Amino acid sequence: MIVSHDINEINTLADRIVIMNKGKVIFDKTKDEAVKEFKTLAACLEYYI
């Protein structure tokens, strides 16, 4: 597990994207599923952060 806000690092290292808010998981999908849903990984992270 890594924790990062760096999109390039996440894109390079991650297979799965989990986004938490106040200790609760609000998003949990593979990187490919996240990109399909939001068109880009950056859009996914911008939506939730």
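Letter by letter, the sequence shown follows residues 7 to 55 of the numbering used here.
All C-beta atoms, glycine included, are put in the ideal place defined by N, C-alpha and C.
These numbers come from a predicted model, not from an experiment.
Reference Ala-40, options Ala-20, Lys-28, Gly-29, Ser-10, closest by Cα: Ala-20
Determine the burial state of Ile-23: buried for a count of at least 16 other Cβ atoms within 10 Å of its Cβ, exposed for fewer. buried
Run of the beta strand (DSSP E) containing Leu-28, from where it starts to where it stops: Correcting the residue identity first, residue 28 is Lys in this sequence and not Leu. Note, Lys-28: premise wrong, no beta strand (DSSP E); not H, not E.
Given that a residue counts as buried once 16 or more other Cβ atoms are within 10 Å of its Cβ, and exposed if not, what is Ile-16? Flag for Ile-16 reads buried.
Cβ atoms of Leu-51 and Ile-25: under 9 Å apart, would you say? yes
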